[in-house]
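Take the numbering used here: the final residue in the sequence shown is number 1240, and no numbers are missing along the way.
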Amino acid sequence: MTELHLFLHYLPPEVHSAAALGGQLAGPIPNCPIPIEFDEVMARFNRLPGGYCEPDGAWGWNTADQMTRTGGTMQAFGEQVMCVETWGQIAARDWPRLLEMFGLSSDSAVVQLVEQGVFLSADSFAEQLS
């Protein structure tokens, strides 16, 4: 498991692939809203075993085997999710599921590592989890 503190951002796939440079993203990252509504994310987490989401955007997910214990907050503008802050621990096997909860995929997610101050593709970050 990897201890993490990161932000998840969205880049349309055509921009994402153009910005990638060896897994690390180059240039300024545009602030694109995540193409999912706040209420949909909240409903997804509240259906997920071990998951919850509150009306203020706080969410959490603990797997039954405790290999993933993560939580965070969604930043929204109206009903549109703008970005997601995440901290805790996540097992590599659960990374794709976490992205899906926010309507993201490895083709559209950008990971901002807070302490390191870098932006990575979702796939590059997933390699660090293994």
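Don't be surprised by glycine CBs; every beta carbon is placed ideally from N, CA and C.
Extent of the continuous alpha helix (DSSP H) to which residue i belongs
i, result
"Val-1151", "1148-1157"
"Ser-1231", "No alpha helix (DSSP H) contains Ser-1231, which is instead part of the beta strand (DSSP E) from 1228-1231."
Residue from the options whose Cα sits closest to the Cα of residue i
i, options, result
"Ser-1218", "Gln-1226, Val-1224, Glu-1225, Leu-1209", "Leu-1209"
"Ala-1169", "Arg-1154, Leu-1223, Val-1224", "Rather than Ala, the amino acid found at residue 1169 in this sequence is Trp. Taking only the C-alpha atoms, the option nearest Trp-1169 is Arg-1154."
"Glu-1225", "Glu-1195, Ile-1144, Gly-1161", "Glu-1195"
Chain-order list of residues whose beta-carbon lies under 7 Å from that of residue i (same chain, five-residue window excluded)
i, result
"Ser-1240", "Ala-1202"
"Glu-1237", "none"
"His-1119", "Ile-1139, Cys-1193, Val-1220, Gln-1222"
"Gly-1182", "Trp-1169, Val-1194, Glu-1195, Thr-1196, Trp-1197"
For residue j and residue i, believed in contact at Cβ under 8 Å, the rounded distance
i, j, result
"Asp-1233", "Ser-1216", "5 Å"
Terminal residues of the beta strand (DSSP E) in which residue i lies
i, result
"Glu-1195", "1190-1200"
"Arg-1179", "1179-1187"
8 Å Cβ shell around residue i - same chain, five flanking residues per side excluded
i, result
"Phe-1235", "Leu-1116, Trp-1205, Val-1221, Leu-1223"
Taking three-plus beta-carbon pairs below 8 Å as touching, is the region 1113-1122 in contact with the region 1159-1169? When Cβ pairs closer than 8 Å are counted between the two stretches, the region 1113-1122 is seen not to touch the region 1159-1169, the count staying below three.
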